[in-house]
Structures are given as structure tokens and as C-alpha cells.
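In UniProt numbering, the protein residues as written are 1 to 152. Backbone N, C-alpha and C define an ideal beta-carbon position, used for all residues, glycine too. I have placed the structure first, in the form of C-alpha cells, so that the comments after it can refer back to it.
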């Protein structure tokens, strides 16, 4: 077993938050879902959001793509809002896409996938919330709608 903090290093968190284009895998169109709240927050804070969801065409005013390979431009960060058992496939797609970083949201844990990404030269943060980390570093409040929500 890998130490959990191995994939929650402050230097990786800070470096990832300096990137600009973030593909949000599993982004829901439901404004009450954590993936939507997080993506909306990131967009409001100047990040380019790229929805990845094969079941929708648009989310947050942005064209949605069915998978990472379908995105026709470079992506800096892949933020994963999928169950842990689906994270490995997403990480493998991220490696193929040539992204700079993978962020597995709170509760998304796949040690082997995280190791594969790191061996491919990709920064990895796992089991942390990108909204909470950004808010903490930017001295911003966490949206009330996020504090009371949870992904199924």
C-alpha cells in the first residue's frame, strides 16, 4: 500500500493549480452535483473547463466531449469525478493524451493508476478536492452549495 500523502504533496497541488485548461471527467449537468459545483467554481476563477461526459452535449456553456481522446486541443489537467474502479481507465486515457497532471477528487483512489501516471511524468493528486485546495490557497470561502453536497 502506498502512503496516502504520496499523492497529496503540496508542491504538486500548487503546481497543478497554476495550469489553465482542465478536462473534468464525469462533469454532470446537474447544478447540485459536486462535479458541477467544482467546475463552475473553477470556471469563475479563470480556468478553462472542458466537460467530458458522453451523455451530454453542453455543460456550463462549454461543448462536452465523450472522452479525452475526442478533445481536439491540448489539456493541462484531467480532474476525475468517477468511481475509483473507473479511474484507471481515465488515467490511461490521460497518459495517452499527454496531459501534465491528473487530479483524482476526494474519494477517488487508485494507487496503481496514480503510479502509472507518475511514471509517465505526470503530476498526480489523489483523494483531495481541487475546489477546497484552491479555496484554501486563494483564501476564498468554500461555496455553501458544495459543503452540503455529495457525489453518489
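Reduced DSSP category for residue 151 - H, G, I as helix; E, B as strand; rest coil: For this step, residue 151 is matched to residue 151 along the chain shown. Residue confidence is low: residue 151 scores 46 on pLDDT, short of 50, so the model does not pin down where it sits. Its coordinate-derived value is still stated next. Coil at residue 151, not helix or strand.
Whole-angstrom distance between residue 22 and residue 50, CA atom to CA atom: For the purposes of this step, residue 50 is taken as residue 50 along the chain shown, with counting starting at 1. For the purposes of this step, residue 22 is taken as residue 22 along the chain shown, with counting starting at 1. Between the alpha carbons of residue 50 and residue 22 lies a distance of about 6 Å.
Residue 10 beta carbon near the ligand ADP (any heavy atom closer than 7 Å): What this structure holds is no ligand at all, so the ligand ADP is not there to describe.
Beta-carbon spacing of residue 106, residue 13 below 8 Å: Against the chain shown, residue 106 aligns to sequence position 106. Against the chain shown, residue 13 aligns to sequence position 13. Contact check for residue 106 against residue 13 fails: the beta carbons are separated by 8 Å or more.
Spatial distance of residue 45 from residue 64 (CA atoms): Indexing the chain shown from 1 puts residue 45 at position 45. Indexing the chain shown from 1 puts residue 64 at position 64. If I take the Cα positions, the gap works out to 20 Å.
Coarse secondary structure for residue 43, derived from DSSP in three states: Counted from its first residue, the chain shown places residue 43 at position 43. Helix, per DSSP.
Through-space distance from residue 79 to residue 59, alpha-carbon basis: Sequence index remark: in the chain shown, residue 59 carries index 59 (1-based). Sequence index remark: in the chain shown, residue 79 carries index 79 (1-based). Across the structure, residue 59 and residue 79 are spaced so that their CA atoms are roughly 15 Å apart.
Continuous beta strand (DSSP E) assignments of at least 3 residues falling wholly in the segment 33-89: Here the runs fully enclosed are 48-52, 77-80.
Nearest neighbour of residue 9, chosen from 138, 126, 139, 131 [CA to CA]: By one-based count along the chain shown, residue 9 stands at place 9. That would be 126, whose Cα lies nearest to the Cα of residue 9.
Under the three-state DSSP convention, the category residue 128 falls into: Counting from one through the chain shown, the residue named residue 128 turns up at place 128. When secondary structure is reduced to three states using DSSP, residue 128 falls in the coil class, being assigned neither helix nor strand.
Spatial neighbours of residue 129 in its chain, beta-carbon cut-off 8 Å, leaving aside the 5 residues before and after: The residue given as residue 129 occupies position 129 in the chain shown. Excluding sequence neighbours, residue 129 sits near 38, 105, 106.
Continuous alpha helix (DSSP H) stretch holding residue 117: start and end: Walking along the chain shown from the start, residue 117 turns up at place 117. Counting along the chain, the alpha helix (DSSP H) containing residue 117 begins and ends at 111-119.
Top-ranked residue by Cα proximity to residue 16, from 72, 101, 69: Taking the chain shown and counting its residues from 1, the one referred to as residue 16 is at position 16. A check of alpha carbon separations from residue 16 across 72, 101, 69 identifies 101 as the nearest.
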